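Just below is one structure, and these are the notes that go with it.
What follows is the structure, encoded as structure tokens:
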């Protein structure tokens, strides 16, 4: 049986991700946002009139999950569906309150990014390069080979 490695890059990355996800959650909590809600709100802001299907595709979630999350954003007054009736295509848009929450969240995320870069500059540099690489022709969005 092969000897187990003393460290696993995958487990290390998952651990680091968990730590920073917790920090992001704490940073956004008083705005009523989670990482997922922030991402959805950012997509809705960037693409006014976006459909649930497109929002789900961009967010890598199911349409049902998108509906549930957007309903929460609507209940909090952050998103409005201009055509919210059965059978009609959705017309999702951020409300003024949603725009304000998103702007504040983006400011906070910028500060959190700065803290990450200060604490892990080499990892931040690698992630920046990987994020800027175009999607691979293989159909996957990111290839880390």
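Numbering (my numbering), first residue to last: 426 to 570. A virtual CB, placed ideally from N, CA and C, is assigned to each residue, including glycine. Keep in mind it's a predicted model, so treat the numbers as computed, not measured.
Of the residues the options, the one placed nearest residue i, counting alpha carbons only
i, options, result
"residue 466", "446, 554, 499, 545", "499"
"residue 524", "461, 550, 473, 507", "473"
"residue 542", "491, 445, 453, 480", "445"
"residue 549", "432, 429, 441, 428", "441"
"residue 519", "436, 463, 432, 451", "463"
"residue 449", "554, 539, 491", "539"
"residue 460", "544, 555, 526", "526"
"residue 480", "505, 517, 436", "517"
Exposed unless 16 or more other CB atoms sit within 10 angstroms - verdict on residue i
i, result
"residue 502", "exposed"
"residue 471", "exposed"
C-alpha gap between residue i and residue j, whole angstroms
i, j, result
"residue 515", "residue 494", "14 Å"
"residue 438", "residue 552", "11 Å"
"residue 453", "residue 443", "15 Å"
"residue 546", "residue 451", "22 Å"
"residue 432", "residue 544", "20 Å"
"residue 456", "residue 531", "11 Å"
"residue 476", "residue 427", "50 Å"
N-terminal and C-terminal residue of the beta strand (DSSP E) that residue i is part of
i, result
"residue 519", "517 to 519"
Touch check for the stretch 481 to 489 and the stretch 529 to 541: three-plus C-beta pairs under 8 Å?
No: the two stretches stay apart, fewer than three of their Cβ pairs being nearer than 8 Å.
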